[in-house]
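K.L.:
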Amino acid sequence: MRTPFRLLLVLVLTATATLSSQQALPTPASVFGFEPGTDNRLANADQVNDYLRRVDAVSDMVQVVDAGSTTLGRRFTFALVSSAANLKNIDRLREIARRLAHPSGLTDEQAAALAREGKPFVHVDGGLHSTEVAGAQHVPLLLDTILRNSSDPKVAKVLDDVVLMLWPTINPDGHQMVAENLEQRTASGGRGGGLTRLYQEYVGHDNNRDAYMLNMIESRAMEYAWRQWEPQIIYVHHQSAPFPTRIWLPPFAEPIATHAPFLMSRQVNMIGMAIAMGLEERGQVGATHMGTGYDAWYPGYIDYLPMFKNIAAFWTETQGNGAAPTESTIDRFPQAYRDLRPTSLYSSPWQPGPWRLRDAVDYMHTASWSVLEFASKYRESVLLNRYRAGRDQIARGKEGGPYGWVIPVEQRDPVAAVELLRRLAFAGVRVYRYREESTADGVRYPPGTWVIPADQEFAALAREVLEVQRYPDLREFPGGPPEQPYDAAGWTLPLAMGVNVIAAQYPINQLALDPLAPSPAPAITPQPYESQSVADAAPFDSVPGLGFDAVPEAKAIVPPVGRITGNGAALALDPAQNNTFRALNRAWKAGREVRFVPATGSSGARYLIVGMSNGDQDALVRDLALRAERTASSGTVVPKPRIGFYDVPTSMDHGWTRWVLEQYGFEYTRISGAEVQAGNLASRIDVLLISDEARGVLEGGGRGGRPGGAGAAGGGGGAAGAPANTAADNDARVKALDAFIRGGGTLVCFNRCSNFAIDSFKLPVRNATSGVSRTEFFANGSLLKVATDPAHRVTAGMPAEAAVYFDGGPVFETLDGFQGTTLAQYGADGSPLLSGYLLGEKHLHGRKAALDVQHGNGHVILFGFRPQWRGQPFGTFRLIFNSLLK
1 MRTPFRLLLV LVLTATATLS SQQALPTPAS VFGFEPGTDN RLANADQVND
51 YLRRVDAVSD MVQVVDAGST TLGRRFTFAL VSSAANLKNI DRLREIARRL
101 AHPSGLTDEQ AAALAREGKP FVHVDGGLHS TEVAGAQHVP LLLDTILRNS
151 SDPKVAKVLD DVVLMLWPTI NPDGHQMVAE NLEQRTASGG RGGGLTRLYQ
201 EYVGHDNNRD AYMLNMIESR AMEYAWRQWE PQIIYVHHQS APFPTRIWLP
251 PFAEPIATHA PFLMSRQVNM IGMAIAMGLE ERGQVGATHM GTGYDAWYPG
301 YIDYLPMFKN IAAFWTETQG NGAAPTESTI DRFPQAYRDL RPTSLYSSPW
351 QPGPWRLRDA VDYMHTASWS VLEFASKYRE SVLLNRYRAG RDQIARGKEG
401 GPYGWVIPVE QRDPVAAVEL LRRLAFAGVR VYRYREESTA DGVRYPPGTW
451 VIPADQEFAA LAREVLEVQR YPDLREFPGG PPEQPYDAAG WTLPLAMGVN
501 VIAAQYPINQ LALDPLAPSP APAITPQPYE SQSVADAAPF DSVPGLGFDA
551 VPEAKAIVPP VGRITGNGAA LALDPAQNNT FRALNRAWKA GREVRFVPAT
601 GSSGARYLIV GMSNGDQDAL VRDLALRAER TASSGTVVPK PRIGFYDVPT
651 SMDHGWTRWV LEQYGFEYTR ISGAEVQAGN LASRIDVLLI SDEARGVLEG
701 GGRGGRPGGA GAAGGGGGAA GAPANTAADN DARVKALDAF IRGGGTLVCF
751 NRCSNFAIDS FKLPVRNATS GVSRTEFFAN GSLLKVATDP AHRVTAGMPA
801 EAAVYFDGGP VFETLDGFQG TTLAQYGADG SPLLSGYLLG EKHLHGRKAA
851 LDVQHGNGHV ILFGFRPQWR GQPFGTFRLI FNSLLK
């Protein structure tokens, strides 16, 4: 039997605190009523924050910092943990970290001097996937152990060398939800189910997929804090180690991101091995590395994106993600692990036996402490490597193309370009503009054109999101199917957002550039930290709450001033501008009339707002930065749509769709499966939207939306533990929905839901890739090129060619009896791949990506892709909006 980790820790740390100020420290158990790691007990977010504040009140080695609020209004907090001397000097240490993060103007000698004076800032948190419960429980124990052993020479050295930024969680709402749910189930004798909603508003598990888009308030709160403190190491805890291993550690699996700074990749690999050594020293076996799962290709992870800003950022995955104990026997092990044979990256196999919440907590405890020991041992190198990696990025941008990226102000949707640039600037990428007419690559650009030079310290982030991805052709075995990317294969933002961005292949005339705001490189003088928590979103932005205006470099990026030309009583708006739909929703809310004028040979389609005064028109156009025209009233009246949205509250795709609809002002009614089954939908709605739910309105469904281990019910938001639908229930739902469509209603289906509609309503359409193996066709998580028909109502405002996000959806062929319109189509030859990976392009040639199918007196609109994927493809948002107004 293994020696309990608590005894091992005593043997390692040996000493107990002698400072009188530490004798009054509250224990975690005294605050929570139980020891963290106790089976089936979880300290919630409020309790952990209360514990941190109580410790802050009695210890001069802890300072609690407020870092803003969540979507639901809960506070973000973290604790600075270091020696009393360091905390007294914290503003100076913070400015040193910030200066080293921005190398311009520093010599190597000056940087070395700052590194000798400075202290590494190490972010450690309790995770963000809230059903991975051990992380948040290890935080109070880690803090308690450090403080009670602060006089031990080893601990004292770490406290003197390092400033720990200890976050209880980076998803406070979810932490509270999961802990309260467990408490309720325990109090009821185990009755009741898991969460019946996402554990972060809108996005659930995708809260770790939003790091470069910054669509969520929580993502922006973290990014803001990191840019204010500029930590050198960021460590986020997760739980999902490949069974039977106990903890997965870096190095990452293949492939890693193309533009990850080399030095940071090496440092993360070294930290992973340091954690493994710390575990082995304490008898905690079962650590593994690399493998085939946790690749670092996608930059949207909140725990990997900081790499592109020269921060050693990584995550680990500890076994078990629940609070109940488990028991494993050898017959449960995968065959390849049953011989318990050591391998080079799994050198101490875990033998079968019990595994408890406390075991996971203890492994995390060791891992976090090992990272702090690493930062202490290599203190100056950790600080200098941040400088060196940034210095090398600046040098790389001077050595060869692209030398930067030029973004014209005039765009099909000028606000989309601003949405892109404000996100990059908020994240620390510097954006400039030409002060005068200038030439880049032989093309002349007018004054005001935006430029992102590549010779800057965070240029790796710009490269990673602005350039095209080419996912490597990795196979499960020689001649076998492609390896499934852990996440997306391609995400190139200019393509997805419909923004014209030109990569400069020749040096940019730096003398012609004006910065949009003062340089972020601060003077090395103490500056107090202030959290940003005000709602400051610009009126033209898509984001609510903490907006991009919190950062001066982002605030300075604004679209061209809205303008109105022409004469007439009606205000004409181009659907190429996403904010047109915000304007329409405001007009309906104000009781104004909306009309639609279809495209003609000489002009594109337009929406008209009728009955609005000139003053109100001016204000609307100014607020939303629109290009508009006053004209005579014409076209067809578009009534305010009665939108139904099929309710799957545990589905992330559903949540992202909600977010997009709400940001653009669409009002909708949530429709449950039971309400569909009850029939008479036409009395309530005109259109029903179903997001990427593979089974449509049938029992089940959801795309990874059920938080892991929560046990939530699917299929339209029934309560957890509710009886499953019968075949008769499902038949009734299909019949009711069929009657709604045939009677004149519209059904809009995203991605895999289109298969449900084809099968359920016997539409004269087939999925041409159904039954095709992955060795023949694979394109998941990639951007593909389609041709559109801008003359159609649904595709109004689209360019003739567009990028769509393909993610395991259908590829359509129309059959005999088809009545309707092709909305988007793949080319007859060549490769439609724009970014990511595509195997078997022949399966797309000449086939359809989106259809409007006539069904009785109504329509079924089928999208074979995800037009709202994670709130990123601004270039296809208008497809959603147009389809709801049809």
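In case it helps, my numbering puts the sequence shown at residues 1 to 886. Backbone N, C-alpha and C fix where the C-beta goes; we use that ideal spot for every residue, glycine too.
Quick one, which of T821, N40 and P402 has its alpha-carbon nearest G189's?
P.N.:
Within the sequence shown, numbered from 1, the residue matching residue 189 stands at position 189. Out of T821, N40 and P402, N40 has the C-alpha closest to the C-alpha of G189.
K.L.:
Does the Cβ of N181 have 16 or more other Cβ atoms within 10 Å, making it buried, or fewer, making it exposed?
P.N.:
Within the sequence shown, numbered from 1, the residue matching residue 181 stands at position 181. With 16 or more Cβ atoms within 10 Å of its Cβ, N181 is classed as buried.
K.L.:
CA-CA distance, V610 and G568?
P.N.:
Translated into the one-based positions of the sequence shown, residue 610 becomes position 610. Translated into the one-based positions of the sequence shown, residue 568 becomes position 568. Spanning the two alpha carbons is a distance of roughly 10 Å.
K.L.:
Pull up the distance between the alpha-carbon of I758 and that of V794, whole angstroms please.
P.N.:
Looking up residue 758 in the sequence shown gives position 758. Looking up residue 794 in the sequence shown gives position 794. Cα to Cα, I758 sits roughly 19 Å from V794.
K.L.:
According to DSSP, is V638 helix, strand or coil?
P.N.:
What you label residue 638 is simply residue 638 of the sequence shown in a count that begins at 1. Correct three-state label for V638: coil.
K.L.:
Helix, strand or coil: which one does DSSP assign to R733?
P.N.:
Here the question's residue 733 lines up with position 733 in the sequence shown. Looking at R733 - three-state DSSP - the assignment turns out to be helix.
K.L.:
At what residue ranges does the region 590-657 contain a whole run of the alpha helix (DSSP H), taking only runs of 4 or more?
P.N.:
Listed in chain order, the complete alpha helix (DSSP H) runs (minimum 4 residues) inside the region 590-657 are 614-624.
K.L.:
Tell me where the alpha helix (DSSP H) around H855 begins and ends.
P.N.:
Numbered from 1 along the sequence shown, position 855 holds the residue referred to as residue 855. No alpha helix (DSSP H) contains H855, which is instead part of the beta strand (DSSP E) from K848 to H855.
K.L.:
If you draw a straight line from the alpha carbon of A395 to that of T366, how long is it in whole angstroms?
P.N.:
The residue labelled residue 395 in the question sits at position 395 within the sequence shown. The residue labelled residue 366 in the question sits at position 366 within the sequence shown. Roughly 38 Å between the two C-alpha positions.
K.L.:
Under three-state DSSP, which class holds H845?
P.N.:
Counting from one through the sequence shown, the residue named residue 845 turns up at place 845. The answer is coil: DSSP assigns H845 none of H, G, I, E or B.
K.L.:
If contacts are defined as beta-carbon pairs under 8 Å, then Q228 and N310 qualify, I think. What distance do you get, rounded to the angstrom?
P.N.:
Counting from 1 along the sequence shown, the entry for residue 228 is found at position 228. Counting from 1 along the sequence shown, the entry for residue 310 is found at position 310. So it is not a contact: roughly 16 Å between Cβ atoms.
K.L.:
Mind reading off the beta-carbon distance from A554 to A425? Whole number of angstroms is fine, and I expect it under 8 Å.
P.N.:
As a first step, residue 554 must be located in the sequence shown, where it is residue number 554. As a first step, residue 425 must be located in the sequence shown, where it is residue number 425. Contact flag correct, Cβ pair sits at about 4 Å.
K.L.:
What are the partner residues of F812, as DSSP defines its beta bridges?
P.N.:
As a first step, residue 812 must be located in the sequence shown, where it is residue number 812. Bridge partners of F812: N767 and K848.
K.L.:
According to DSSP, simplified to helix, strand and coil, what is Y445?
P.N.:
Within the sequence shown, residue 445 is the residue found at index 445, counting from 1. Strand.
K.L.:
So the candidates are M61, D60 and F78; which of them puts its Cα closest to the Cα of G68?
P.N.:
For this step, residue 68 is matched to residue 68 along the sequence shown. For G68, the nearest C-alpha among the options comes from F78.
K.L.:
How about F836 and S760: are their beta carbons less than 7 Å apart?
P.N.:
Here residue 836 refers to the residue found at position 836 of the sequence shown. Here residue 760 refers to the residue found at position 760 of the sequence shown. Contrary to the premise, residue 836 reads as Gly rather than Phe in this sequence. Going by C-beta atoms, G836 is not nearer than 7 Å to S760.
K.L.:
Rounded to the nearest angstrom, how far is the Cβ of H238 from that of N44, given a contact under 8 Å?
P.N.:
The residue labelled residue 238 in the question sits at position 238 within the sequence shown. The residue labelled residue 44 in the question sits at position 44 within the sequence shown. Rounded, the Cβ-Cβ distance is 19 Å, inconsistent with contact.
K.L.:
Look at V597 and R606 and say whether their C-beta atoms are less than 7 Å apart.
P.N.:
Locating residue 597 in the sequence shown gives position 597, where the first residue counts as 1. Locating residue 606 in the sequence shown gives position 606, where the first residue counts as 1. Their beta carbons are under 7 Å apart, which means V597 touches R606 by this criterion.
K.L.:
What alpha helix (DSSP H) runs, 4 residues minimum, are completely inside the region 443-500?
P.N.:
Here the runs fully enclosed are 459-466 and 493-497.
K.L.:
Among the candidates V418, R866 and V431, whose CA atom is the shortest distance from the CA of R752?
P.N.:
Translated into positions along the sequence shown, residue 752 becomes position 752. Answer by Cα proximity: R866.
K.L.:
Between the beta-carbon of L195 and the beta-carbon of T288, is there less than 7 Å?
P.N.:
Taking the sequence shown and counting its residues from 1, one reaches residue 195 at position 195. Taking the sequence shown and counting its residues from 1, one reaches residue 288 at position 288. It is not a contact, given that the beta carbons lie outside the stated cut-off.
K.L.:
Taking all protein chains shown into account, decide if D653 is buried (16 or more other Cβ within 10 angstroms of its Cβ) or exposed.
P.N.:
The residue given as residue 653 occupies position 653 in the sequence shown. It counts as buried.
K.L.:
If you count every other CB in all the chains shown that lies within 10 Å of the CB of G817, and 16 or more means buried, which is it?
P.N.:
Counting from 1 along the sequence shown, the entry for residue 817 is found at position 817. Exposed, since its Cβ has fewer than 16 Cβ neighbours within 10 Å.
K.L.:
Please classify Q505: is it buried, with 16 or more other beta-carbons within 10 angstroms of its beta-carbon, or exposed?
P.N.:
The count along the sequence shown starts at 1 and reaches residue 505 at position 505. When all chains shown are included, Q505 counts as exposed.
K.L.:
For S651, count the other beta carbons within 10 Å of its own beta carbon; 16 or more makes it buried, fewer makes it exposed. Which is it?
P.N.:
As a first step, residue 651 must be located in the sequence shown, where it is residue number 651. Under this definition S651 is a buried residue.
K.L.:
Counting C-beta neighbours from all protein chains within 10 Å, is the total for L340 16 or more, i.e. buried, or is it exposed?
P.N.:
The sequence position of residue 340 within the sequence shown is 340, counting from 1. Exposed.
K.L.:
Mapping DSSP to helix, strand and coil, what is W350?
P.N.:
Within the sequence shown, the letter at position 350 stands for residue 350. Three-state DSSP puts W350 in coil, outside helix and strand.
K.L.:
Answer yes if the region 486-493 comes into contact with the region 460-467, meaning at least three C-beta pairs across the two stretches below 8 Å, and no otherwise.
P.N.:
In short, these stretches touch, since the Cβ pair count reaches three.
K.L.:
Could you say which of K157, P402 and S368 lies nearest to W315 if we only look at CA atoms?
P.N.:
On the sequence shown, position 315 is the one that residue 315 refers to. Closest option to W315, Cα to Cα, is S368.
K.L.:
Where does R388 fall in DSSP's three states?
P.N.:
Mapped onto the sequence shown, residue 388 falls at position 388. Correct three-state label for R388: helix.
K.L.:
Are the beta-carbon atoms belonging to P140 and Y212 less than 7 Å from one another?
P.N.:
Here residue 140 is taken as the residue at index 140 of the sequence shown, counted from 1. Here residue 212 is taken as the residue at index 212 of the sequence shown, counted from 1. No, Cβ-Cβ distance for P140 and Y212 is not below 7 Å.
K.L.:
With distances taken between CB atoms, is the gap from V62 to S376 smaller than 7 Å?
P.N.:
If you number the sequence shown from 1, residue 62 lands on position 62. If you number the sequence shown from 1, residue 376 lands on position 376. No, the pair does not count as a contact, with Cβ atoms beyond the cut-off.
K.L.:
Helix, strand or coil for Q825 per DSSP?
P.N.:
Numbered from 1 along the sequence shown, position 825 holds the residue referred to as residue 825. Strand at Q825.
K.L.:
Using CA coordinates, which residue listed in R358, Y235, A389 and E327 is at the minimum distance from Y304?
P.N.:
Taking the first residue of the sequence shown as position 1, residue 304 is located at position 304. Comparing Cα positions, the closest option is Y235.
K.L.:
I need the boundaries of the beta strand (DSSP E) containing H859, first residue and last residue.
P.N.:
Against the sequence shown, residue 859 aligns to sequence position 859. Unbroken beta strand (DSSP E) run through H859: G858 to F863.
K.L.:
Taking Cβ to Cβ, would you say F877 is nearer than 7 Å to N578?
P.N.:
Numbered from 1 along the sequence shown, position 877 holds the residue referred to as residue 877. Numbered from 1 along the sequence shown, position 578 holds the residue referred to as residue 578. Cβ distance < 7 Å, so F877 and N578 count as in contact.
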